[in-house]
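Student:
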C-alpha cells in the first residue's frame, strides 16, 4: 500500500467526490491541508474575505451543482464564523463539508490560542461533526462525511483536524477507494396509495411543493402528478420555479394576492414540504400578473 | 414523487380540468398587484416588473432576506427549476454576495443575478473582492431604501415605533454604493428613475461579463413602501393599489370538462 501525507489522501478524496472548487482562508492550523491542496490540478481554491462567505459560497455551489460543497478554515474564529453558514445549510438541506484546523492534541483542553471546541459548538447546526484524533481515521472520516452530507435529507458536516493529526502519513491507495454508497429508501406503497386516495376524494385539494422536490430534481414528476390529477400547485420559497409561473395550475407562492384567495378554504392540502412555512405573519406572495 | 405519479396513473385516468383546478389560473388573472408605477423615487414593485421583462427564464436569481426578498417572491416570475435560490429557513443577511460566487462557479455559463437590499449588501461585501480577484462576474440589483424595512414594517404596525431601523444618512440613502463597488474595482451604477432601470440592467450584464467582475445596479426606491402581509392567507393587508378584475362568465370549456 502506498504511503502518503494524510492531507494528500484527503485532497484525492475531495477530487473523487466531485469537488472542483473550494472556498476558504488559510491559517496556521490548516496549512498541511493547504500544502496538499496546492498540488491539486483539479481543485481551484478561492481565498474568501470571511469564513461565513466561504460557507455561503460552498452552499451556492452545492445548490446549483447538486454536489457537496466544501469550505475550509483554520482553528478558533474560523470555525465559529462558519456557524451561520452551517445553520443555513442545515435549514435548507444543502450538503456541504466544512473543514477546520485545530490546535495540536496535547493542548486541546488548555484554552490555547485559537483553540475552541468547534465540533461541539457546531453540533446543533450540522448532521454530524468530527474532531479526528487519529491520523489513520481521516480517509474514512472524509468518505463518511460526504455520504452523510448527501444521504437522506442532505445537510452540512464539519470535520475538525488537529494540526499534529494533519501532519501524519497514511497508507492509502486511491485506486481501491470510492465514494460510499448512499442509502436510498423506497416509499411504502400503502402510504402512497392512501395519499393518492386522499387527493382523489378531496373537494378542494392543493399540492404544496417544497424545497425537497427541487433537491430531488423531481419537479417534472411533481408537475406531471398535478396535471394528471388536475390539482393547483403552491410552491414554497424553496420551490420557486418548480412549476412555471404561467402554468395553468400554478396557484402563486404560498398564498394570497389582493382579495382573500380562498386557498385557505382548501379542504385537502397535501404537502411535499416537510416543514410547512412557519412565517405565518407574512405568508406573502401570490401571483403577480404583469 | 415517482411512486406517487405511478400510483396516481394506476388509480385514475387523467382528470379533466375542474372548476376548482381552474381557480389557480383564474385567481392569477383576476387578483393582481400593481407593478407599473412610474413615480420617483422608484416604487419597489416597478423594479420587479423590469426584472421580469428584461431577464430570460434561464437567468439564475439569488436572494436572501428582507422586504426586497418578499417582493421578489411576490412579484418575480420564475419558470424553471434551479433558477431561483433563496436561503429560506435561516435567512442570513449578506448571503447573496458570496452565494452568487458559488452559484456562478457551479454554473459558469449562466447569468447570475443577486437581488439585494442595501443592508444585506453591506453585511458581507468583503467577498466582492474575492469575486473581482477571481474574475467571477454577476449582477447585483439593489433595492436601496435606507431602512431595515422588514423590521420597520412590524415596528410601525405592531409596536408603533420607528427605532433603530433607519440606516440611511445624508440624503437618506446612506453609503455611496457605486463608489464602494468602484473601490473594489468592480462596477456600479445608480438609478433614480424607473425608465433608467432597463438601460442600467443592460449595462450591468454587458460590462460585468466583458470585464469578468460583479456589477451593481443600485436603485433608490421609495423609502416608505411596505409589503403586503398578514397573519394568515385570508388576512393579507394590502398597502399599495391592487387590480381586481371581475370574474368571467363560466366558459364553455369548463362545462364540457365536467
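Protein chains in written order, with the numbering used here: chain A, 1 to 290; chain B, 291 to 548.
By construction, the Cβ of each residue, glycine as well, lies at the ideal position given by its N, Cα and C atoms.
Remember, it's a predicted structure, so these values are computed and weren't measured experimentally.
1) In the DSSP output, which residue or residues are listed as bridge partners for residue 352(B)?
2) Taking residue 393(B) as the query, report the chain A residues whose CB atoms sit under 8 Å from its CB, ordered along the chain.
3) Assuming contact is defined by CB atoms lying nearer than 8 Å, are residue 193(A) and residue 297(B) in contact in what I supplied?
4) List the residues that DSSP assigns as beta-bridge partners of residue 102(A).
5) With distances taken Cα to Cα, identify the nearest neighbour of residue 1(A) among 174(A), 238(A) and 114(A).
6) Residues of chain B with CB closer than 9 Å to the CB of residue 47(A), please, in chain order.
7) Name the DSSP beta bridge partners of residue 272(B), please?
8) Tell me which residue opens and which closes the alpha helix (DSSP H) that residue 341(B) is part of.
9) Thinking residue 94(A) and residue 62(A) are a contact (beta carbons under 8 Å), I'd like their distance in whole angstroms, please.
10) Step through the CB atoms of chain A and report whether any lies within less than 8 Å of the CB of residue 236(B).
11) Give me the residue from 509(B), 499(B) and 292(B) with the minimum Cα distance to residue 402(B).
12) Confirm, please, whether the CB-CB distance from residue 353(B) to residue 426(B) is below 8 Å.
13) Going by DSSP, what residue range makes up the beta strand (DSSP E) through residue 44(A)?
14) Cβ of residue 12(A) within 7 Å of any heavy atom in the ligand GTP?
15) Please check if any C-beta of chain B sits within less than 8 Å of the C-beta of residue 126(A).
16) So that I know if they touch, is there some Cβ in chain B lying closer than 8 Å to that of residue 297(A)?
17) Note down, in chain order, each residue of its chain lying with its Cβ closer than 7 Å to the Cβ of residue 183(A), except the 5 sequence neighbours on either side.
18) Would residue 462(B) pass as a contact of residue 436(B) if the rule is Cβ separation under 8 Å?
19) Which bits of chain B does residue 237(A) rub up against, with CB to CB less than 7 Å?
20) Step through the CB atoms of chain B and report whether any lies within less than 8 Å of the CB of residue 158(A).
21) Do residue 169(A) and residue 3(A) come within 8 Å of each other at the CB atom, strictly closer than that value?
22) At 9 Å on the CB atoms, spell out the chain A contacts of residue 416(B), in chain order.
23) According to DSSP, is residue 505(B) helix, strand or coil?
24) Suppose contacts are defined by Cβ-Cβ distances below 8 Å. Is residue 45(A) in contact with residue 299(B) by that definition?
25) Note down, in chain order, each residue of its chain lying with its Cβ closer than 6 Å to the Cβ of residue 347(B), except the 5 sequence neighbours on either side.
26) Report all residues from its chain with a CB closer than 8 Å to the CB of residue 375(B); omit the five preceding and five following residues, and keep chain order.
27) With a Cβ-Cβ cutoff of 8 Å, do residue 336(B) and residue 345(B) count as a contact?
28) Go through its chain and collect everything with a Cβ distance to residue 282(A)'s Cβ below 7 Å, but skip five positions before and after it.
29) I'd like the list of long-range same chain contacts for residue 294(B), defined as Cβ closer than 7 Å, with 5 residues on each side in sequence excluded.
30) Does the segment 65 to 74 of chain A come close enough to the segment 92 to 108 of chain A to have 3 or more Cβ pairs within less than 8 Å?
31) The alpha helix (DSSP H) spanning residue 35(A) covers which residue range?
32) Return helix, strand or coil for residue 23(A), following the three-state DSSP convention.
33) Just grab the DSSP bridge partners of residue 478(B) for me.
34) Kindly say whether residue 432(B), judged by its beta-carbon, lies nearer than 8 Å to any beta-carbon of chain A.
35) Please check if any C-beta of chain B sits within less than 8 Å of the C-beta of residue 219(A).
36) Just verifying my parser: in three-state terms, what is the DSSP assignment at residue 324(B)?
Tutor: For this structure:
1) Translated into the one-based positions of the second chain, residue 352(B) becomes position 62. Partner(s): 375(B) and 404(B).
2) Indexing the second chain from 1 puts residue 393(B) at position 103. Within 8 Å Cβ-Cβ: 60, 61, 63 and 64.
3) Within the first chain, numbered from 1, the residue matching residue 193(A) stands at position 193. Within the second chain, numbered from 1, the residue matching residue 297(B) stands at position 7. Yes, the Cβ-Cβ distance between residue 193(A) and residue 297(B) is below 8 Å.
4) The sequence position of residue 102(A) within the first chain is 102, counting from 1. According to DSSP, residue 102(A) bridges with 162(A).
5) Here residue 1(A) corresponds to residue number 1 of the first chain, with the count starting at 1. Residue 1(A) has its Cα closest to that of 174(A), out of 174(A), 238(A) and 114(A).
6) Taking the first residue of the first chain as position 1, residue 47(A) is located at position 47. Per Cβ cutoff of 9 Å: 420, 423 and 424.
7) With chain B represented from 291 up to 548, any question about residue 272(B) goes unanswered, as that position is not in the structure.
8) For the purposes of this step, residue 341(B) is taken as residue 51 along the second chain, with counting starting at 1. Per DSSP, residue 341(B) belongs to the alpha helix (DSSP H) from 334 to 344.
9) What you label residue 94(A) is simply residue 94 of the first chain in a count that begins at 1. What you label residue 62(A) is simply residue 62 of the first chain in a count that begins at 1. Sure, about 5 Å apart at Cβ, within 8 Å.
10) Only positions 291 to 548 of chain B appear in this structure, which leaves residue 236(B) out of reach.
11) Position 112 of the second chain, counting from 1, holds the residue named residue 402(B). If we check each option's Cα against that of residue 402(B), 499(B) comes out closest.
12) As a first step, residue 426(B) must be located in the second chain, where it is residue number 136. As a first step, residue 353(B) must be located in the second chain, where it is residue number 63. It is not a contact, given that the beta carbons lie outside the stated cut-off.
13) Reading the first chain from its first residue, position 44 is the one you call residue 44(A). Unbroken beta strand (DSSP E) run through residue 44(A): 44 to 47.
14) As for the ligand GTP, it is missing from this structure, which has no ligand bound.
15) On the first chain, position 126 is the one that residue 126(A) refers to. Taking Cβ atoms only, chain B never reaches closer than 8 Å to residue 126(A), which makes this a no.
16) Here chain A has residues from 1 to 290 only, and residue 297(A) is not among them.
17) Within the first chain, the letter at position 183 stands for residue 183(A). Only 151 meet the Cβ criterion.
18) Looking up residue 462(B) in the second chain gives position 172. Looking up residue 436(B) in the second chain gives position 146. Pairing residue 462(B) with residue 436(B) gives a Cβ-Cβ distance under 8 Å.
19) Here residue 237(A) corresponds to residue number 237 of the first chain, with the count starting at 1. Chain B residues near residue 237(A): 363, 376 and 378.
20) As a position in the first chain, residue 158(A) is number 158, starting the count at 1. Not a single C-beta of chain B is nearer than 8 Å to the C-beta of residue 158(A).
21) Position 3 of the first chain, counting from 1, holds the residue named residue 3(A). Position 169 of the first chain, counting from 1, holds the residue named residue 169(A). Judged by their CB atoms, residue 3(A) and residue 169(A) are nearer to each other than the 8 Å cut-off.
22) As a first step, residue 416(B) is located in the second chain; it is residue number 126 there, counting from the start. Within 9 Å Cβ-Cβ: 48, 49, 50 and 53.
23) Looking up residue 505(B) in the second chain gives position 215. Three-state result, residue 505(B): strand.
24) By 1-based counting over the first chain, the position of residue 45(A) is 45. By 1-based counting over the second chain, the position of residue 299(B) is 9. Residue 45(A) places its beta carbon 8 Å or farther from that of residue 299(B).
25) Taking the first residue of the second chain as 1, we reach residue 347(B) at position 57. So the qualifying residues of the chain are 369 and 370.
26) Along the second chain, read from residue 1 onward, the residue named residue 375(B) stands at position 85. The residues are 350, 351, 352, 353, 389 and 393.
27) Residue 336(B) sits at position 46 when you count from the first residue of the second chain. Residue 345(B) sits at position 55 when you count from the first residue of the second chain. It is not a contact, given that the beta carbons lie outside the stated cut-off.
28) Within the first chain, numbered from 1, the residue matching residue 282(A) stands at position 282. Because residue 282(A) sits at a pLDDT of 30, beneath the cut-off of 50, its placement in the model cannot be relied upon, and the following sentence gives the value as read from the coordinates. Result list for residue 282(A): empty, nothing under 7 Å.
29) The residue you call residue 294(B) lines up with position 4 of the second chain. There are no such residues.
30) Touching, per the Cβ criterion.
31) Looking up residue 35(A) in the first chain gives position 35. According to the DSSP assignment, residue 35(A) belongs to the alpha helix (DSSP H) that extends over 31 to 37.
32) In the first chain, counting from the first residue as 1, residue 23(A) sits at position 23. In the three-state reduction of the DSSP assignment, residue 23(A) falls in the strand class.
33) As a working note, residue 478(B) is residue 188 in the second chain. Paired residue(s): 506(B).
34) Taking the second chain and counting its residues from 1, the one referred to as residue 432(B) is at position 142. No, because no Cβ of chain A sits closer than 8 Å to the Cβ of residue 432(B).
35) The count along the first chain starts at 1 and reaches residue 219(A) at position 219. Under the Cβ criterion of 8 Å, residue 219(A) is counted among the residues facing chain B.
36) For the purposes of this step, residue 324(B) is identified with residue 34 of the second chain, where counting begins at 1. Three-state DSSP puts residue 324(B) in coil, outside helix and strand.
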